[in-house]
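Working notes, structure below.
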Amino acid sequence: DGGITQSPKYLFRKEGQNVTLSCEQNLNHDAMYWYRQDPGQGLRLIYYSQIVNDFQKGDIAEGYSVSREKKESFPLTVTSAQKNPTAFYLCASSRLAGDEQFFGPGTRLTVL
Amino acid sequence: QKEVEQDPGPLSVPEGAIVSLNCTYSNSAFQYFMWYRQYSRKGPELLMYTYSSGNKEDGRFTAQVDKSSKYISLFIRDSQPSDSATYLCAMSAGGGFKTIFGAGTRLFVKA
């Protein structure tokens, strides 16, 4: 089955710790994205990548970092510099940037 | 002014009703329009994808785009309790430009 997987589903972090969220796709898509969703709010773009070894900041990149070393993988690190990291994180991919996006199941991060 | 405006609801309808969900936008460069359905604590699922103006039908769902009015709609016929979810509109100019999402409308279909 083609799709996007995210792990873990739930993640708990202590203040001051960095954590990495995994995103993998087997759709052979060039573009991948990370969004943050807070209760009652829309999707806010954190980072996106149009092609391997290239990525750009989205609207709320501060306190986050990404890498795109392989086409199928786009991990997101939430650093200790992110002041309010508790949220639902969604990874998406599209064939090309600007095409319709397909989403993973999400990771819910809670800072204790 | 946001690029995409979407009434957050909630919208509550009885089972079997026709539901109309809408978004307005300000960027005339948008050419690709999408509707997503998101169940609680799940990732959004692509429902409809349309290019430029016109209608597209898929089962009980119809997407409508009016570029002259900068207005898009999603109609759900014979609504079911399983349609209860948040519906997100999204749009893009294509060609590598970012996709912009609406904030979502919460829909409740009562049995």
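Chain order of the listed sequences is A and B.
Take this note's numbering: the last position of the first sequence gets the number 116, and nothing is skipped along the way.
Take this note's numbering: the last position of the second sequence gets the number 112, and nothing is skipped along the way.
Virtual Cβ for every residue (Gly too), placed ideally from N, Cα, C.
Computed from a predicted structure; not experimentally measured.
Local conformation of residue i per DSSP, three classes
{"i": "Asp84 (chain B)", "result": "helix"}
{"i": "Arg61 (chain B)", "result": "coil"}
{"i": "Gly55 (chain B)", "result": "strand"}
{"i": "Pro127 (chain A)", "result": "In the structure as shown, chain A starts at 5 and stops at 116, and residue 127 (chain A) therefore has no counterpart that could be examined."}
{"i": "Ile77 (chain B)", "result": "strand"}
{"i": "Tyr40 (chain B)", "result": "coil"}
{"i": "Phe16 (chain A)", "result": "strand"}
{"i": "Phe78 (chain A)", "result": "coil"}
{"i": "Asn30 (chain A)", "result": "coil"}
{"i": "Pro15 (chain B)", "result": "strand"}
{"i": "Lys71 (chain B)", "result": "coil"}
{"i": "Gln21 (chain A)", "result": "coil"}
{"i": "Arg112 (chain A)", "result": "strand"}
{"i": "Glu46 (chain B)", "result": "strand"}
{"i": "Gln105 (chain A)", "result": "coil"}
{"i": "Ala94 (chain B)", "result": "coil"}
{"i": "Gln32 (chain B)", "result": "coil"}
{"i": "Ile64 (chain A)", "result": "coil"}
Nearest to residue i (by Cα), restricted to the options the options
{"i": "Glu16 (chain B)", "options": "B:Ser85, B:Gly96 and B:Leu89", "result": "B:Ser85"}
{"i": "Ser53 (chain A)", "options": "A:Tyr14, A:Ala65 and A:Ala101", "result": "A:Ala101"}
{"i": "Gly44 (chain A)", "options": "B:Gly95, B:Thr87 and B:Phe109", "result": "B:Thr87"}
{"i": "Ser71 (chain A)", "options": "A:Tyr14, A:Gln10, A:Gly20 and A:Thr24", "result": "A:Thr24"}
{"i": "Ser74 (chain B)", "options": "B:Asn56, B:Phe31 and B:Thr100", "result": "B:Asn56"}
{"i": "Met35 (chain B)", "options": "B:Gln2, B:Leu108, B:Glu58 and B:Gln81", "result": "B:Glu58"}
{"i": "Gly108 (chain A)", "options": "A:Gly20, A:Lys74 and A:Asn30", "result": "A:Asn30"}
{"i": "Tyr50 (chain B)", "options": "A:Val115, A:Gln105, A:Phe16 and A:Thr114", "result": "A:Gln105"}
{"i": "His33 (chain A)", "options": "A:Leu47, A:Ser77, A:Gln41 and A:Ile50", "result": "A:Ser77"}
{"i": "Pro82 (chain B)", "options": "B:Gln39, B:Val110, B:Met92 and B:Thr106", "result": "B:Val110"}
{"i": "Ser26 (chain A)", "options": "A:Ser11, A:Ala35, A:Lys18 and A:Trp38", "result": "A:Ser11"}
{"i": "Ile55 (chain A)", "options": "A:Thr114, A:Ala35, A:Cys95 and A:Tyr68", "result": "A:Ala35"}
{"i": "Ser98 (chain A)", "options": "A:Thr81, A:Glu28, A:Ile64 and A:Asp42", "result": "A:Glu28"}
{"i": "Gln65 (chain B)", "options": "B:Asn28, B:Leu108, B:Tyr33 and B:Ala18", "result": "B:Tyr33"}
{"i": "Tyr37 (chain B)", "options": "B:Ser80, B:Lys99, B:Ile19 and B:Ala91", "result": "B:Ala91"}
{"i": "Thr115 (chain A)", "options": "A:Thr90, A:Asp103 and A:Gln86", "result": "A small correction: the amino acid at residue 115 (chain A) is Val; Thr does not occupy that position in the sequence shown. Cα-wise, what sits closest to Val115 (chain A) is A:Thr90."}
Unbroken beta strand (DSSP E) run spanning residue i, endpoints
{"i": "Lys61 (chain A)", "result": "Asp58 to Lys61"}
{"i": "Leu96 (chain A)", "result": "Note on residue identity: the sequence assigns Ala, not Leu, to residue 96 (chain A). Here the beta strand (DSSP E) through Ala96 (chain A) covers Ala91 to Ser98."}
{"i": "Gln2 (chain B)", "result": "Segment: none, Gln2 (chain B) is in no beta strand (DSSP E) and carries neither H nor E."}
{"i": "Phe109 (chain B)", "result": "Thr106 to Lys111"}
{"i": "Thr25 (chain B)", "result": "Val20 to Tyr26"}
{"i": "Phe102 (chain B)", "result": "Thr100 to Phe102"}
{"i": "Thr9 (chain A)", "result": "Ile8 to Ser11"}
{"i": "Ser84 (chain A)", "result": "Counting along the chain, Ser84 (chain A) falls outside any beta strand (DSSP E), and DSSP gives it neither H nor E."}
{"i": "Ser69 (chain A)", "result": "Tyr68 to Val70"}
Residue i: CB within 6 Å of a non-hydrogen atom of the ligand HEM
{"i": "Gly96 (chain B)", "result": "In the structure shown, the ligand HEM is absent, as is every other ligand, since no ligand is present at all."}
Short of 9 Å Cβ to Cβ, which residues in the segment 86-115 of chain A face chain B? Correct list: Phe92, Leu94, Cys95, Ala96, Ser98, Leu100, Ala101, Gly102, Asp103, Glu104, Gln105, Phe106, Phe107, Gly108, Pro109, Gly110 and Arg112.
Positions along the segment 98-111 of chain B whose CB lies within less than 8 Å of some CB in chain A: Cβ contacts with chain A come from Phe98, Lys99, Thr100, Phe102, Gly103, Ala104 and Gly105.
Taking only beta carbons into account, state which residues of the segment 75-95 of chain B come closer than 8 Å to chain A, listed in chain order. Leu89, Ala91, Ser93, Ala94 and Gly95
Looking at chain C, which residues of the segment 22-56 of chain B have a Cβ within less than 8 Å of any of its Cβ atoms? No chain C is present in this structure, whose protein chains are A and B.
What are the residues of the segment 42-58 of chain A that lie near chain B, defined by any Cβ-Cβ distance shorter than 8 Å? Gly44, Gln45, Gly46, Leu47, Leu49, Tyr52 and Gln54
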